[in-house]
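Residue numbers (the numbering used here): 53 to 407.
Have a look at the structure below, then the notes.
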Amino acid sequence: MNENSNSSTTILPTSNSGQQLQWGTQNPPVVKPEVRSIIYQSDVMNQLMKMIDRVAPSQANVLVMGESGTGKELIARAMHDRSNRKSKPFVAINCGALRETLLESELFGHEKGSFTGAYNKKMGLAEVANGGTLFLDEIGELTPGIQAKILRFIQEGEIYRVGGKEPIQVDIRLISATNRDLEQEVTKGQFREDLYYRINTIVVTTPPLRRRKEDIAVLISHFLNQSQHAYLNRGRHVSDEAMQAMLKYDWPGNIRELQNVCERLQILSEGHEIMVGDLPDHIRSPEKNDKFIDYDPQLPLYELEKRYILKALDFFGGNKTQAAQNLGITIKTLYNKLHEYGEFDKYAVHTRPTK
Ligand SMILES: Nc1ncnc2c1ncn2[C@@H]1O[C@H](COP(=O)(O)OP(=O)(O)OP(=O)(O)O)[C@@H](O)[C@H]1O
Ligand SMILES: [Mg+2]
53 MNENSNSSTT
63 ILPTSNSGQQ
73 LQWGTQNPPV
83 VKPEVRSIIY
93 QSDVMNQLMK
103 MIDRVAPSQA
113 NVLVMGESGT
123 GKELIARAMH
133 DRSNRKSKPF
143 VAINCGALRE
153 TLLESELFGH
163 EKGSFTGAYN
173 KKMGLAEVAN
183 GGTLFLDEIG
193 ELTPGIQAKI
203 LRFIQEGEIY
213 RVGGKEPIQV
223 DIRLISATNR
233 DLEQEVTKGQ
243 FREDLYYRIN
253 TIVVTTPPLR
263 RRKEDIAVLI
273 SHFLNQSQHA
283 YLNRGRHVSD
293 EAMQAMLKYD
303 WPGNIRELQN
313 VCERLQILSE
323 GHEIMVGDLP
333 DHIRSPEKND
343 KFIDYDPQLP
353 LYELEKRYIL
363 KALDFFGGNK
373 TQAAQNLGIT
383 IKTLYNKLHE
393 YGEFDKYAVH
403 TRPTK
């Protein structure tokens, strides 16, 4: 039931100008140990993990599909950790978080002076991942221009830095993830068919939590006993009534939502037992969810929207994809709003190579 992968390291990028994440041409900075566990008890996850074991040692490109918060990145890392590339970097980049030109230079690097602000030569993430795994998160967000460049990179196994003339050979295993129906995007002409067939040699689907409710109890116990607030837990357990409510709830935000709720319980609930009253209202009584917000003459629409968006981000633990999805806006709109509010830096993009 408990799948402990090897401990590994995360190389944290330094964020300078808000959007731009750089670690320059030399050695990536800062290493931080990280242990990742995949917790499950359900048959469906058991089968998925068996599939991961089979697929991991191959060189096949893998597409991980699933709703937000279902563990796509965790699965991608597990695949890397079980492959013969495990001693090489695992590099993740969120394709939805950067506009096309920035994404290209993040991914492929750039030569000194290739555009305004390119003061130094910079190694791209594809090059950093050489010998290891490149994880393209939210691949469904790629614009047509960058789709073409990634296709060429996959076909040729070489990249060109922005402003560079010499091809650079790069050996990577590609794992992509999406919460979109890519086949439908292909039909709509928004995702290149040839790229789709290149990235989806093997498709792995992470099931939503509501389809594997057998995992809820073990996940709760895991989340209550780990994280920075675990000391607050002090042997506390979950009452039957609270557990029943959590089993009944559908968890639209999947495991990430459950993780956030557990974190909140660790901090806010008192006593030895977690009671149903400690749970957030919408979990305790989902039917009461259609609360009407009263009109407040002091609150202009702009301010209401801002608060609502920031609350959604909070609710999903800062996860922009999930917040955007549940707010019914595109991730690009969400980024624009955050820029408008001056809150972008707080929710900076993640681009985490690990070794
Ligand atoms: N089976 C699991 N056991 C333990 N933790 C899990 C499990 N599945 C997911 N998590 C945790 O839940 C959170 C969400 O997982 P992850 O980021 O991999 O999801 P995702 O599908 O990539 O989400 P998104 O689409 O929003 O990017 C992470 O903190 C991850 O560690
Ligand atoms: Mg993800």
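Quick reminder that beta carbons are idealized off the backbone N, C-alpha and C, glycines included.
How big is the Cα-Cα spacing for residue 257 and residue 103?
-> By one-based count along the sequence shown, residue 257 stands at place 205. By one-based count along the sequence shown, residue 103 stands at place 51. Spanning the two alpha carbons is a distance of roughly 10 Å.
Relative to the alpha-carbon of residue 188, which residue among 172, 226 and 174 has its alpha-carbon at the smallest distance?
-> For the purposes of this step, residue 188 is taken as the residue at position 136 of the sequence shown. Closest option to residue 188, judged by alpha-carbon separation, among 172, 226 and 174: 226.
Consult DSSP for residue 167 and reduce its assignment to one of helix, strand or coil.
-> For the purposes of this step, residue 167 is taken as residue 115 along the sequence shown, with counting starting at 1. Under the three-state reduction of DSSP output, residue 167 falls in the coil class, being neither helix nor strand.
Classify residue 273 as helix, strand or coil using the three-state DSSP reduction.
-> Position 221 of the sequence shown, counted from the start, is the residue given in the question as residue 273. For residue 273, the secondary structure class from DSSP, reduced to helix, strand or coil, is helix.
Alpha carbon to alpha carbon, what distance is there between residue 391 and residue 153?
-> Here residue 153 refers to the residue found at position 101 when the sequence shown is read from its first residue. Here residue 391 refers to the residue found at position 339 when the sequence shown is read from its first residue. C-alpha separation (whole angstroms): 18 Å.
Do residue 204 and ligand 1 come close, with the Cβ less than 7 Å from some heavy atom?
-> Position 152 of the sequence shown, counting from 1, holds the residue named residue 204. False, no ligand heavy atom lies under 7 Å from that Cβ.
Just curious, the alpha helix (DSSP H) that residue 313 is in, first and last residue?
-> The residue labelled residue 313 in the question sits at position 261 within the sequence shown. First-last of the alpha helix (DSSP H) with residue 313: 306-320.
Span of the beta strand (DSSP E) holding residue 187?
-> Within the sequence shown, numbered from 1, the residue matching residue 187 stands at position 135. First-last of the beta strand (DSSP E) with residue 187: 185-189.
In the DSSP assignment, find the beta strand (DSSP E) that holds residue 226 and state where it starts and stops.
-> Residue 226 sits at position 174 when you count from the first residue of the sequence shown. Counting along the chain, the beta strand (DSSP E) containing residue 226 begins and ends at 225-230.
Under 7 Å from any heavy atom of ligand 2, does the C-beta of residue 124 make it?
-> The residue given as residue 124 occupies position 72 in the sequence shown. Yes, ligand 2 has a heavy atom inside 7 Å of this Cβ.
Cβ pair residue 304, residue 378 closer than 8 Å | Here residue 304 refers to the residue found at position 252 when the sequence shown is read from its first residue. Here residue 378 refers to the residue found at position 326 when the sequence shown is read from its first residue. Result yes, Cβ atoms of residue 304 and residue 378 sit closer than 8 Å.
Give the single residue among 215, 289 and 335 whose Cα lies nearest to the Cα of residue 168.
-> Taking the first residue of the sequence shown as position 1, residue 168 is located at position 116. Proximity to residue 168 across 215, 289 and 335 peaks at 215, based on C-alpha coordinates.
Out of 294, 101 and 272, which has the shortest C-alpha to C-alpha gap to residue 310?
-> Within the sequence shown, residue 310 is the residue found at index 258, counting from 1. Closest in C-alpha terms to residue 310, from the list 294, 101 and 272, comes 272.
Does the beta-carbon of residue 125 have 16 or more other beta-carbons within 10 angstroms, so that it is buried, or is it exposed?
-> Here residue 125 corresponds to residue number 73 of the sequence shown, with the count starting at 1. Buried, since its Cβ has 16 or more Cβ neighbours within 10 Å.
With distances taken from CA atoms, which of 194, 278, 176 and 292 is nearest residue 186?
-> Residue mapping note: residue 186 aligns to position 134 of the sequence shown, counting from 1. Among 194, 278, 176 and 292, the Cα nearest to that of residue 186 belongs to 176.
Can the beta-carbon of residue 190 be found closer than 8 Å to that of residue 382?
-> Numbered from its first residue, the sequence shown carries residue 190 at position 138. Numbered from its first residue, the sequence shown carries residue 382 at position 330. In this structure, residue 190 keeps its C-beta atom at 8 Å or more from the C-beta atom of residue 382.
Classification of residue 195 by the beta-carbon crowding that lies within 10 angstroms, buried from 16 upward = For the purposes of this step, residue 195 is taken as residue 143 along the sequence shown, with counting starting at 1. Residue 195 should be labelled exposed.
Below 8 Å on the Cβ atoms is my guess for residue 468 versus residue 145; work out the distance and round it to an integer in Å.
-> For residue 468 there is no data in the structure shown, the boundaries of the chain being 53 and 407.
Which of the three DSSP states, helix, strand or coil, is assigned to residue 337?
-> One-based indexing of the sequence shown puts residue 337 at position 285. Of the three classes helix, strand and coil, the one that applies to residue 337 here is coil, per DSSP.
Can you tell me the Cβ-Cβ gap for residue 412 and residue 201, rounded? I've got them flagged as a contact below 8 Å.
-> Missing from the structure shown is residue 412; the chain here goes from 53 to 407 and no further.
Segment contact, 8 Å Cβ cut-off, at least three pairs: the segment 221-237 with the segment 124-139 = Verdict: yes, contact present.
From the beta carbon of residue 295, is the nearest beta carbon of chain D less than 8 Å away?
-> Structure shown: chain D not included; a single protein chain is present.
Would you check whether ligand 2 has a heavy atom nearer than 7 Å to the C-beta of residue 189?
-> Taking the first residue of the sequence shown as 1, we reach residue 189 at position 137. A heavy atom of ligand 2 is found nearer than 7 Å to the CB of residue 189.
Helix, strand or coil: which one does DSSP assign to residue 239?
-> Stepping through the sequence shown from its first residue, residue 239 is reached at position 187. In the structure shown, residue 239 adopts helical secondary structure according to DSSP, grouped into three states.
What residues in its chain sit with their C-beta under 8 Å from that of residue 308, if we drop five residues either side in the sequence?
-> Reading the sequence shown from its first residue, position 256 is the one you call residue 308. For residue 308, where only same-chain residues beyond five positions count, the Cβ hits under 8 Å are 120, 121, 368, 369, 371 and 374.
Tell whether a beta-carbon distance below 8 Å holds between residue 184 and residue 243.
-> Taking the sequence shown and counting its residues from 1, one reaches residue 184 at position 132. Taking the sequence shown and counting its residues from 1, one reaches residue 243 at position 191. Against a cut-off of 8 Å, the Cβ pair of residue 243 and residue 184 comes out as no contact.
Whole-angstrom C-beta distance between residue 293 and residue 255, which should lie under 8 Å | In the sequence shown, counting from the first residue as 1, residue 255 sits at position 203. In the sequence shown, counting from the first residue as 1, residue 293 sits at position 241. Contact flag wrong, Cβ pair sits at about 40 Å.
May I ask you to check if the CB of residue 229 is nearer than 7 Å to at least one heavy atom of ligand 2?
-> Residue 229 sits at position 177 when you count from the first residue of the sequence shown. Correct: residue 229 has its Cβ closer than 7 Å to ligand 2.
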